[in-house]
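One structure is given here, and the rest of the page talks about it.
Number of protein chains: 2
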Amino acid sequence: MTVERTLHHFPLDPFSRQARLALGEKKLSFREQVEKYWERPPGLQALNPSGLTPVLVEADGGETIAICEAPAVLAHIEERYPDPPLLPASPAGRAEVRRLAHWFDTKFHFEVNGSILHEKMEKRLLGLGSPDPVVLRTGREALKVHLAYMEELLRDRTWLAGDRLSFADIAAAGHLSVIDYMGEGMWDAFPAVKTWYAKIKSRPSFRPLLADRQPGLPPSAHYHDLDF
Amino acid sequence: MTVERTLHHFPLDPFSRQARLALGEKKLSFREQVEKYWERPPGLQALNPSGLTPVLVEADGGETIAICEAPAVLAHIEERYPDPPLLPASPAGRAEVRRLAHWFDTKFHFEVNGSILHEKMEKRLLGLGSPDPVVLRTGREALKVHLAYMEELLRDRTWLAGDRLSFADIAAAGHLSVIDYMGEGMWDAFPAVKTWYAKIKSRPSFRPLLADRQPGLPPSAHYHDLDF
C-alpha cells in the first residue's frame, strides 16, 4: 500500500520543523506545501480550523486523513510507523520524553519564541516594524535559562531524554534551529548543548532545514555550518 | 500488583481537572495532594521542573514514576489502562481527538483562560487587585467564538470528537468547568453545548469537581446544579 503524504508547513515555524524532522528520521517521503499561515490561506483553514501549521495529509487510496499540529503529527507518526522508535518503550521513558517535548512547546515557546521570534520574525513577516530591544533582551534572558537547563540535562545524557534520540530532541531542535537561523544561538556558553545541537544538525533529517531561506529574512552567517 | 497513585493538583487548574476526570473515567483511585503551584512548593518543583500541575506519581512496589502535565498524564493513562478507551482505535479518530484536545490546551487556554481566569482567579490568588473589565470583555468575546465552534461540532456529534467520550471532551470539560465555576458559562446561548456540558457534569468522574471550593473564590450560584 502506497501512502501519499503532503505536509502543509511554513519553513521557519518551529512546530512545522518538528514534523519535517520526525518524517525525516522515519525516512518517510512527503510532498511539501508551504503555507503563509498568517495570511489565513483558505486551504489550510479547511484542513485545520485553528489555521496553524503543520498539517500532515495522508492518503492511502482509501481514506484521506489530516493530522493537525505537531503533537498529533508526532504521535501519529510513531503509532503508524514505529521503526525507528522516537518514544522509549517504558512508561517512565515515555513520560520523560513527553515532559520535555511539552516544555519546549509551551514554556520555551511562550518565554523565548514569544519575544525573540515575535520581534525578529513575525514583525517582519507581518510588516509591524523593527524589533523592540527591550522585549528582545527579555527573550534572550529567558533563552539563557532554557539553555542552562538543557546543559544540566545533557551533562549526564547523550540525548535530552536519555540515551536515544526522541521526540524531546525533535521538539527542542524545532525551536532552537529557528533561534539559530535568527543568529540568537549563544552556543559557546553552553558546551554540552553545542555538542548536542551539532549532532542534530548533521543528521540527514536536518539537511532540508539547512536549505531554508525566507525572503527578507536571511539566515545568520553560521546557520549552515555543521562546525559552528 | 497494586499501584499507589498520588495526583499533585490544584482544584481550579483546568489541566489538573483533566487528570482528575481521566482517572475518574478509568475508575483509578488516587491520593490527592493539593499544590498552590504559584507559591512554588519545593516538592512540586522536584517532581516537575516547570513547577506546574498536574503531576501523577505512580509506585508499583518497584519503580516510582512521575508523569508531568495533562497531555503526558492522559497519554500515560490511556497506554497503561486502555479500558474504557478514551482514544479511538483509528488513526483518523485519534487525530481528531488530539486536534481538539490541543485546541483547548493552547488556543482556548491562551484566548479565554489568559483573560477570564487570569483576571478573576489568578489575580485573586496572587493578590494583584481586581479584574480589569476591558480584558474580561475581550475574554468573553473569545469564549463566545469557542462556544459557537463547539456548537457547530455538537450539532452533528454526540461527543466533541465523534460518538464516544474521549480526551477531547475531557480537555474541554477541564477548561469549561473552571469558566463555569467563575460564573462565565453563557450556556443558554449554545443549546448543543449546554446538553453536552450537562452530560459531562452528571458523570461520576465529575462529582469530585462539584465539591471543589477555593477559599476567597466561591463558585457561581449554578456551579453545583446538574440541571442548570
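Protein chains in written order, with the numbering used here: chain U, 1 to 228; chain F, 1 to 228. Every residue, glycine too, gets a C-beta built ideally from N, C-alpha and C.
Practice prompt. For F:His102, return the contacting residues in chain U, with the cut-off set at a CB-CB distance below 7 angstroms.
Written response: Glu69, Pro71, Ala72
Worksheet item: How is the beta strand (DSSP E) around U:Thr6 delimited, first residue to last?
Response: That run of the beta strand (DSSP E) goes 4-9.
Worksheet entry | is_contact[F:Lys26, chain U] using C-beta, thresh 7 angstroms | F:Lys26 does not count as touching chain U.
Discussion item. Could you check whether U:Lys26 and U:Ile77 sit closer than 7 angstroms to each other, using their CB atoms as the reference points?
Written reply: yes
Item to complete: Taking U:Leu176 and U:Ala168 to be in contact with their CB atoms under 8 angstroms, please state how far apart those CB atoms are, rounded to whole angstroms.
Response: In fact, because the Cβ distance is near 12 angstroms, the residues do not count as touching under 8 angstroms.
Item to complete: Report the three-state DSSP secondary structure of F:Arg155 (helix, strand or coil).
Response: Residue state, collapsed to three classes: helix.
Worksheet item: Taking the continuous beta strand (DSSP E) assigned at F:Arg31, which residues delimit it?
Response: 31-34
Practice prompt. Tell me, please, which residues DSSP counts as bridged to U:Gln214.
Written response: U:Leu217
Discussion item. Which same chain residues end up closer than 7 angstroms to U:Gln214 when comparing Cβ atoms and leaving out the 5 residues on each side of it in sequence?
Written reply: Pro11, Leu12
Discussion item. Beta-carbon within less than 6 angstroms of F:Gly174's beta-carbon, same chain only, minus the 5 sequence neighbours each way: which residues are those?
Written reply: The answer, listed in chain order, is Pro14, Arg17, Gln18.
Practice prompt. Please specify which runs of the alpha helix (DSSP H), each continuous and at least 4 residues long, are wholly inside the region 134-198 of chain F, giving them in chain order.
Written response: 167-181
Worksheet item: Taking the continuous alpha helix (DSSP H) assigned at F:Val97, which residues delimit it?
Response: Its alpha helix (DSSP H) spans residues 91-102.
Practice prompt. With a threshold of 16 other CB atoms inside 10 Å of the CB of U:Arg98, please say whether the residue is buried or exposed.
Written response: buried
Worksheet entry | Selection from F:Thr6, F:Tyr223, F:Ile116 that minimises the alpha carbon distance to F:Lys201 | F:Tyr223
Worksheet item: Name the chain U residues that come within less than 8 angstroms of F:Glu63, Cβ to Cβ?
Response: Within chain U, the residues near F:Glu63 are Ala92.
Worksheet item: In terms of DSSP beta bridges, what is U:Ala66 paired with?
Response: U:Val57
Worksheet item: Got a sec, what are the start and stop residues for the alpha helix (DSSP H) U:Arg17 sits in?
Response: 14-25
Discussion item. With a threshold of 7 angstroms between beta carbons, is U:Ala95 in contact with chain F?
Written reply: yes
Practice prompt. Write down the C-beta distance between F:Leu44 and F:Glu35 rounded to the nearest angstrom, noting that I regard them as a contact closer than 8 angstroms.
Written response: 5 angstroms
Item to complete: Starting from the C-beta of U:Ala189, find all residues in its chain whose C-beta is less than 8 angstroms away, skip the five residues before and the five after it, and write them out in chain order.
Response: Close CB contacts of U:Ala189 within its chain, under the 8 angstroms cut and outside five residues either way in sequence, are with Lys144, Leu147 (chain order).
Fill in: Contact the region 64-75 of chain U vs the region 80-98 of chain F: 3+ CB pairs below 8 angstroms
yes
Discussion item. Does F:Ser29 pass the burial test, meaning 16 or more other C-beta atoms within 10 Å, or should it be called exposed?
Written reply: An exposed status is given to F:Ser29, since fewer than 16 other beta-carbon atoms sit within 10 Å of its beta-carbon.
Worksheet item: Shortest alpha-carbon distance to F:Trp38 belongs to which of F:Ile116, F:Leu128, F:Glu111?
Response: Considering only F:Ile116, F:Leu128, F:Glu111, the residue with the shortest C-alpha distance to F:Trp38 is F:Leu128.
Worksheet entry | U:Lys107 at chain F interface by Cβ criterion, 7 angstroms | yes
Practice prompt. Just confirm the distance between the C-beta atoms of F:Thr53 and F:His102, as a whole number of angstroms; I'd bet it's less than 8 angstroms.
Written response: Actually they are not in contact, since the Cβ atoms of F:Thr53 and F:His102 sit about 19 angstroms apart, beyond 8 angstroms.
Worksheet item: How about the region 178-196 of chain F and the region 113-131 of chain F: do they share at least three Cβ pairs that are nearer than 8 angstroms?
Response: yes
Worksheet item: Can you name, in chain order, every residue of its own chain whose Cβ lies under 8 angstroms from the Cβ of U:Glu32, other than the five neighbours on each side?
Response: Thr6, Leu7, His9
Item to complete: Anything in chain U within Cβ reach of F:His76, meaning under 9 angstroms, just list it in chain order.
Response: Pro91, Arg94, Ala95, Arg98
Worksheet item: Near U:Asp60, what residues of its chain come up, given a Cβ to Cβ distance below 8 angstroms and the 5 sequence neighbours on each side ignored?
Response: Met1, Thr2, Val3, Glu4
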